[in-house]
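Numbering (the numbering used here), first residue to last: 91 to 388. Reviewing the structure listed below.
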Amino acid sequence: MSDERLARLRALVDEARAAGEYEALAAEWRALARVAAPAPAAGEVPRRFGLVGDSPRMHAVYDLIAKAAPAQVAVLVHGETGTGKELVARALHDHSPRKGKPFLAENCAAVPANLLESELFGHVKGSFTGAIADRKGTFVSADGGTVFLDEIGDMPLEMQAKLLRVLQDGEVRPVGSNQVRKVDVRLVAATNKDLVAMCGRGQFREDLYYRLNVITIELPPLRERPGDVAHLARFFLGRIADELGRPLELDPAALALLEGWTWPGNVRELENELRRAAVFADDVIGPEELSPNVRKGV
Numbered sequence: 091m092s093d094e095r096l097a098r099l100r101a102l103v104d105e106a107r108a109a110g111e112y113e114a115l116a117a118e119w120r121a122l123a124r125v126a127a128p129a130p131a132a133g134e135v136p137r138r139f140g141l142v143g144d145s146p147r148m149h150a151v152y153d154l155i156a157k158a159a160p161a162q163v164a165v166l167v168h169g170e171t172g173t174g175k176e177l178v179a180r181a182l183h184d185h186s187p188r189k190g191k192p193f194l195a196e197n198c199a200a201v202p203a204n205l206l207e208s209e210l211f212g213h214v215k216g217s218f219t220g221a222i223a224d225r226k227g228t229f230v231s232a233d234g235g236t237v238f239l240d241e242i243g244d245m246p247l248e249m250q251a252k253l254l255r256v257l258q259d260g261e262v263r264p265v266g267s268n269q270v271r272k273v274d275v276r277l278v279a280a281t282n283k284d285l286v287a288m289c290g291r292g293q294f295r296e297d298l299y300y301r302l303n304v305i306t307i308e309l310p311p312l313r314e315r316p317g318d319v320a321h322l323a324r325f326f327l328g329r330i331a332d333e334l335g336r337p338l339e340l341d342p343a344a345l346a347l348l349e350g351w352t353w354p355g356n357v358r359e360l361e362n363e364l365r366r367a368a369v370f371a372d373d374v375i376g377p378e379e380l381s382p383n384v385r386k387g388v
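Right under this line is the structure:
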């Protein structure tokens with residue numbers, strides 16, 4: 091829908107709301123839409139590598155995944171929050187020779203800095219308070235498979251140096267141990283930050299950046315994926331309907347509002363919006379079930 095048509099739609103909705111006639115107008119709109127609107131296209135939701143979308147930007151992502159998955163090199167996935175970076179990492183693993191081996195993910199921003207080394211590389215019993223038993227750590231547990239490090243830009247500089255050594259030597263040393271262990275893992279890292287700028291400010295090691303950035307996959311924000319909101323909405327509604335055990339449809343007027351929203355939280359925000367709307371809807375999600383910011387477009 092064009093910006094001009096969307097503005098006219100919002101103006102009509104605001105006028106009806108001001109006149110106290112919004113509910114009646116919405117009900118009439120739904121009734122007319124069921125008769126006049128074309129039925130949704132038959133067939134499967136366009137998907138590839140576990141990702142939903144048919145826009146040109148997503149086809150470019152699919153092509154990169156297809157080329158990068160069979161390789162053994164590191165991959166850096168860059169994109170805004172909620173764009174599906176972990177899904178890309180899983181796709182790289184599932185379509186690689188390492189399929190069937192472990193895929194382990196760690197969020198570098200979610201683990202306290204003083205515990206991150208133990209989480210990644212393990213520790214030996216008694217190496218620190220609370221270390222009541224030996225622990226393998228992510229890299230050893232994923233030996234032969236893939237390690238996905240999300241929010242790599244939040245990793246402390248000291249840990250960046252230790253990760254670089256692991257990537258260079260292919261071996262880890264648990265906290266409190268003098269013994270090293272060889273590991274064979276493929277690393278996929280992800281971030282929503284500008285690592286090049288962080289390197290310039292001394293916040294990210296340049297040598298680690300080049301180790302990680304063998305192949306970069308740029309995930310586009312949802313606002314730059316024309317047509318994909320409808321595909322994603324259809325996909326999520328099917329999943330939500332199965333979970334709730336009842337049918338769910340999306341009113342064309344509600345879809346128009348969804349397509350007009352900028353989605354700062356991207357695909358994750360769209361899914362949450364539909365889950366919220368499904369709670370308040372009967373069988374059809376209309377404009378009135380959408381959150382105020384989506385209805386108003388602000």
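Even glycine gets a Cβ: it sits at the ideal position worked out from N, Cα and C.
Going along the chain, which residues of its own chain have a beta-carbon closer than 6 Å to the beta-carbon of Ala-280, five neighbours each way excluded?
The residue you call residue 280 lines up with position 190 of the sequence shown. For Ala-280, where only same-chain residues beyond five positions count, the Cβ hits under 6 Å are Val-167, Lys-175 and Asp-240.
If you follow the alpha helix (DSSP H) that Phe-294 is part of, which residue opens it and which one closes it?
Taking the first residue of the sequence shown as position 1, residue 294 is located at position 204. Taken as a continuous stretch (DSSP letters only), Phe-294 belongs to no alpha helix (DSSP H), as it is neither H nor E.
Does DSSP put Phe-211 in a helix, a strand or coil?
Translated into positions along the sequence shown, residue 211 becomes position 121. Helix.
Kindly provide the ranges of any beta strand (DSSP E) runs that are 3 or more residues long and lie completely inside the stretch 148 to 173, ordered along the chain.
Qualifying beta strand (DSSP E) stretches, in chain order: 165 to 168.
Taking 8 Å as the threshold (C-beta atoms), are Leu-338 and Leu-327 in contact?
Mapped onto the sequence shown, residue 327 falls at position 237. Mapped onto the sequence shown, residue 338 falls at position 248. For Leu-327 and Leu-338, yes; Cβs fall inside 8 Å.
If you draw a straight line from the alpha carbon of His-213 to that of Val-262, how long is it in whole angstroms?
Locating residue 213 in the sequence shown gives position 123, where the first residue counts as 1. Locating residue 262 in the sequence shown gives position 172, where the first residue counts as 1. Taking the straight line from one Cα to the other gives about 11 Å.
Which class does Leu-338 belong to by DSSP, given the choice of helix, strand or coil?
Along the sequence shown, read from residue 1 onward, the residue named residue 338 stands at position 248. If DSSP states are grouped into helix, strand and coil, Leu-338 belongs with coil.
Roughly how many angstroms lie between the CA atoms of Arg-324 and Glu-361, to the nearest whole one?
By one-based count along the sequence shown, residue 324 stands at place 234. By one-based count along the sequence shown, residue 361 stands at place 271. If I take the Cα positions, the gap works out to 10 Å.
If you compare alpha carbons, which of Arg-276, Gly-376, Phe-370 and Asp-284 is closest to Pro-160?
Position 70 of the sequence shown, counting from 1, holds the residue named residue 160. For the residues Arg-276, Gly-376, Phe-370 and Asp-284, the minimum Cα distance to Pro-160 belongs to Arg-276.
For Ser-381, which of helix, strand or coil comes out of DSSP?
In the sequence shown, the residue the question calls residue 381 occupies position 291. The answer is coil: DSSP assigns Ser-381 none of H, G, I, E or B.
Whose CA, out of Ala-203, Gly-292, Pro-202 and Leu-285, lies closest to the CA of Leu-302?
Here residue 302 refers to the residue found at position 212 of the sequence shown. Minimum Cα distance to Leu-302 is reached at Leu-285.
Between the Cα of His-185 and the Cα atoms of Leu-340, Gly-350 and Asp-153, which residue gives the shortest distance?
Mapped onto the sequence shown, residue 185 falls at position 95. Looking at the Cα atoms, Asp-153 is the closest of the given residues.
Give the single residue among Glu-379, Gly-355, Asp-372 and Ala-331 whose Cα lies nearest to the Cα of Leu-347.
The residue given as residue 347 occupies position 257 in the sequence shown. It is Glu-379 whose Cα lies nearest to the Cα of Leu-347.
Take Ser-208 and list the residues in its own chain whose beta-carbon comes closer than 6 Å to its own, dropping the five residues that flank it on each side.
Counted from its first residue, the sequence shown places residue 208 at position 118. Once the five neighbours on either side are set aside, the close Cβ partners of Ser-208 are Val-265.
For Thr-352, does the three-state DSSP call read helix, strand or coil?
Within the sequence shown, numbered from 1, the residue matching residue 352 stands at position 262. If DSSP states are grouped into helix, strand and coil, Thr-352 belongs with coil.
Check this for me: beta carbons of Arg-313 and Leu-254, under 8 Å apart or not?
Position 223 of the sequence shown, counted from the start, is the residue given in the question as residue 313. Position 164 of the sequence shown, counted from the start, is the residue given in the question as residue 254. No, the pair does not count as a contact, with Cβ atoms beyond the cut-off.
Ignoring anything shorter than 3 residues, give me the beta strand (DSSP E) runs that lie fully in the stretch 233 to 265, in order along the chain.
Segments of the beta strand (DSSP E) lying fully in the stretch 233 to 265: 236 to 240.
Going by DSSP, name the residue or residues bridged to Ala-280.
One-based indexing of the sequence shown puts residue 280 at position 190. BP columns for Ala-280 point to Val-167.
Whose CA, out of Ala-287, Arg-147 and Val-278, lies closest to the CA of Ala-181?
Here the question's residue 181 lines up with position 91 in the sequence shown. Out of Ala-287, Arg-147 and Val-278, Val-278 has the C-alpha closest to the C-alpha of Ala-181.
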